[in-house]
Amino acid sequence: MKRLDLAFYEQPTLDLARSLLGQYLVRRHPEGDIIAKIVETEAYLGAIDRAAHSFGGRRTKRTEVMFGKPGHVYTYQMHTHTLLNVVSGPVGTPEAVLIRAVEPIQGHEWVAANRPGVKRYDQTNGPGKLTKALGITMDLYGHSFQQDPLYIVEGETEMVIEAGPRIGIPNTGEARDYPYRFFERDNPYVSKFR
DNA sequence: GTTGGGATGTACT
DNA sequence: GTACATCCCAACC
Numbered sequence: 285m286k287r288l289d290l291a292f293y294e295q296p297t298l299d300l301a302r303s304l305l306g307q308y309l310v311r312r313h314p315e316g317d318i319i320a321k322i323v324e325t326e327a328y329l330g331a332i333d334r335a336a337h338s339f340g341g342r343r344t345k346r347t348e349v350m351f352g353k354p355g356h357v358y359t360y361q362m363h364t365h366t367l368l369n370v371v372s373g374p375v376g377t378p379e380a381v382l383i384r385a386v387e388p389i390q391g392h393e394w395v396a397a398n399r400p401g402v403k404r405y406d407q408t409n410g411p412g413k414l415t416k417a418l419g420i421t422m423d424l425y426g427h428s429f430q431q432d433p434l435y436i437v438e439g440e441t442e443m444v445i446e447a448g449p450r451i452g453i454p455n456t457g458e459a460r461d462y463p464y465r466f467f468e469r470d471n472p473y474v475s476k477f478r
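Going by our numbering, the first residue of the first sequence is number 285, and it counts up by one from there.
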């Protein structure tokens, strides 16, 4: 399996959000890797996007990695959960793609171990759920998506993609309705609401 | 040093 | 449908 190269991550953010669908996220695990297909993403267009953490060029310890090179990990904490993003845009342009849902392809036993008592489709059909299922924590903040223990390889490209408004960002003016959410049609691992 | 808020998930009624 | 867990971190003393 071929790891995605830098040129892939250098695409415009909306293109990257679409292109990431179908690719395989690989999480190294001591007893066998977890491989999961990306089936839902959301684009956050940095300085011009009121819904983005980096809106207005806001540069803090939390958003710092978004200002760096594309293809790196932006993790942040949401209440009791960690959310996983792919940094995009050139250096100085704080954009990112949130990974909202994945479909486990390999390593189901380790996914199940990380999500005890949770039924199959509920294991990874949400941004906080998938990070728990794959054992992704704040430790990976700033990590490269081209290296162990978390990287992305070429997966599937033949899929039907739909777009719609992003989830969970009320009170952000017209940015609330931008169709920056992308997902694979009819995939049962896509988070359901709206 | 302290306060408050959030790109969520789960349990409960 | 509502409640709340419990964490990073920004903003302000």
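Quick reminder that beta carbons are idealized off the backbone N, C-alpha and C, glycines included. What you are looking at is a predicted structure, and each value in this text was computed from that prediction instead of being measured.
Close-in-space but distant-in-sequence residues of the same chain around residue i (CB under 7 Å, 5 per side omitted)
| i | result |
| --- | --- |
| M443 | L305, G306, E468 |
| S338 | G330, A331, T347, M350, P378 |
Candidates the options, of which the one nearest residue i by Cα
| i | options | result |
| --- | --- | --- |
| I453 | A336, D406, T364, L368 | A336 |
| Y328 | D289, R287, E379, R342 | E379 |
| R287 | E393, S428, N398 | S428 |
| D432 | V349, E438, L309, P296 | L309 |
| D333 | T364, G391, T297, R384 | T297 |
| R384 | G391, G401, Q407, Q390 | Q407 |
| S475 | V386, H392, V371, S303 | V386 |
| H392 | E324, R311, V323, G341 | R311 |
Residue(s) in a DSSP beta bridge with residue i
| i | result |
| --- | --- |
| L434 | R311, Q431 |
| R287 | V437 |
| M422 | According to DSSP, M422 bridges with nothing at all. |
| F467 | E324, E446 |
| V371 | A380 |
| I318 | R311 |
| Q361 | T366 |
| V386 | I322 |
| H356 | S428 |
Rounded C-alpha distance that separates residue i from residue j
| i | j | result |
| --- | --- | --- |
| T377 | F351 | 5 Å |
| K353 | G316 | 30 Å |
| P381 | N471 | The sequence given here places Val at residue 381; Pro does not occur at that position. Taking the straight line from one Cα to the other gives about 19 Å. |
| L343 | A397 | It should be noted that the sequence gives Arg, not Leu, for residue 343. Approximately 37 Å, taken between the alpha carbons. |
| P388 | A320 | 4 Å |
| Y293 | K403 | 33 Å |
| R460 | G439 | 31 Å |
| P463 | G401 | 34 Å |
| R399 | M362 | 18 Å |
Other residues of its chain near residue i: CB distance less than 8 Å, five sequence neighbours each side excluded
| i | result |
| --- | --- |
| T359 | T366, L367, L368, N369, T415, I420, T421, M422, L424, Y425 |
| Q295 | S303, S372 |
| Y405 | P472, Y473 |
| I445 | R302, L305, F466, F467, E468, R469 |
Other residues of its chain near residue i: CB distance less than 6 Å, five sequence neighbours each side excluded
| i | result |
| --- | --- |
| W394 | H313, I318 |
| Q390 | I319 |
| G410 | S475 |
| G412 | H365 |
Buried versus exposed call for residue i [16 or more other C-beta atoms within 10 Å across all chains shown]
| i | result |
| --- | --- |
| E326 | buried |
| V375 | exposed |
| A417 | buried |
| G457 | exposed |
| H356 | buried |
| A291 | exposed |
| K345 | exposed |
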